[in-house]
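Report on the following structure.
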Amino acid sequence: MTEPMGESSKQMRSSPLCCPVVELRQYTLHPGKRDILIDLFDREFVESQEALGIKIIGQFRDLDRPDHFVWLRGFRGMTSRAKALSDFYSGPVWKAHREAANATMIDSDNVLLLRPALPTSGFSLENVKRPSVGSDEVPTSLVVATIYYFEGPVAPDFINFFEQTLRPAATSLGATISAYFVTENSENTFPALPVRAGENVFVWFSTFQDLAAYENYVAALSKSERWRDEVSVERYLNRAPEVLKLSPTARSQLRLISQRQRWFKP
Numbered sequence: 268m269t270e271p272m273g274e275s276s277k278q279m280r281s282s283p284l285c286c287p288v289v290e291l292r293q294y295t296l297h298p299g300k301r302d303i304l305i306d307l308f309d310r311e312f313v314e315s316q317e318a319l320g321i322k323i324i325g326q327f328r329d330l331d332r333p334d335h336f337v338w339l340r341g342f343r344g345m346t347s348r349a350k351a352l353s354d355f356y357s358g359p360v361w362k363a364h365r366e367a368a369n370a371t372m373i374d375s376d377n378v379l380l381l382r383p384a385l386p387t388s389g390f391s392l393e394n395v396k397r398p399s400v401g402s403d404e405v406p407t408s409l410v411v412a413t414i415y416y417f418e419g420p421v422a423p424d425f426i427n428f429f430e431q432t433l434r435p436a437a438t439s440l441g442a443t444i445s446a447y448f449v450t451e452n453s454e455n456t457f458p459a460l461p462v463r464a465g466e467n468v469f470v471w472f473s474t475f476q477d478l479a480a481y482e483n484y485v486a487a488l489s490k491s492e493r494w495r496d497e498v499s500v501e502r503y504l505n506r507a508p509e510v511l512k513l514s515p516t517a518r519s520q521l522r523l524i525s526q527r528q529r530w531f532k533p
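Here this note's numbering is used: position 184 in the sequence shown is 451, and no number is missing along the way.
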């Protein structure tokens, strides 16, 4: 991944899509500490990172694992990622709150470094206003991250298969596709924070009005002849998919606002 330069950088800054580099971060926490970390994160770690050029895309409770916290952040490129992370983790906000944050965590190294699979497949957040500091109304919507694992780099034919077959089928059954990504294979430009090396993944995000809507979608999948006959994704993969059912926090920007709002704009 190269750093955008010149006119391309101006176009990227004006683009409604976010972001050329994305981290999917999954934290394992000490029992009972998740809400403590979320309160701290939503209060102290959103604006302080965004002031340095980091985009806080969303933060979530994992519904299947009560001691897991998941969040997404984006960057303009790998070079600017290094500087922004260095500035944040050496800065006053992290220094003031790192002991409290780290005290909640068992492991914070489960990190996938991603890039959009296509120029048009990043997150679209331009019409979504983040709730202000102190907001405590947790959205009812659900964000689902599906992670596919491959033996080698994700091939263009799989991306075409997703675009032409899987995505239309999932959409027809009730999913709203938000974005999709592949592994960013560049060297980790901020080695103080490890990322998972040697992984080849395709990650797609879908949103639902609530957990019941997602359960209806899963039930529809199980009954769909089209899904069974056309969407045999397992033939591409080297292990079972990983599915994260994510409940947005009160200040998560990534959420489903209404049925009329479209997150993904092809």
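Ideal Cβ placement from N, Cα and C applies to all residues, glycine included.
The Cβ atoms of Gln326 and Ile305 sit closer than 9 Å to each other. For the pair Thr516 and Phe308, the CB atoms are nearer than the 9 Å cut-off. For Arg348, the three-state secondary structure derived from DSSP is helix.
For the pair Thr413 and Pro508, the Cα-to-Cα distance works out to about 7 Å.
Checking the DSSP bridge columns, you'll see Glu311 has no partner listed.
Here the alpha carbons of Val410 and Leu521 stand approximately 8 Å from one another.
Taking 9 Å as the cut-off, the Cβ atoms of Val468 and Tyr503 do not count as close. Under the three-state reduction of DSSP, Asn377 is assigned to strand. Here the alpha carbon of Val462 sits roughly 11 Å from the alpha carbon of Gln293.
DSSP places Thr438 in the helix class (H, G or I) of the three-state scheme.
By the neighbour-count definition (other C-beta atoms within 10 Å, threshold 16), Gly389 is a buried residue.
Our two residues, Val405 and Leu379, have alpha carbons roughly 26 Å apart in a direct line. Between the alpha carbons of Ala459 and Asp374 lies a distance of about 14 Å.
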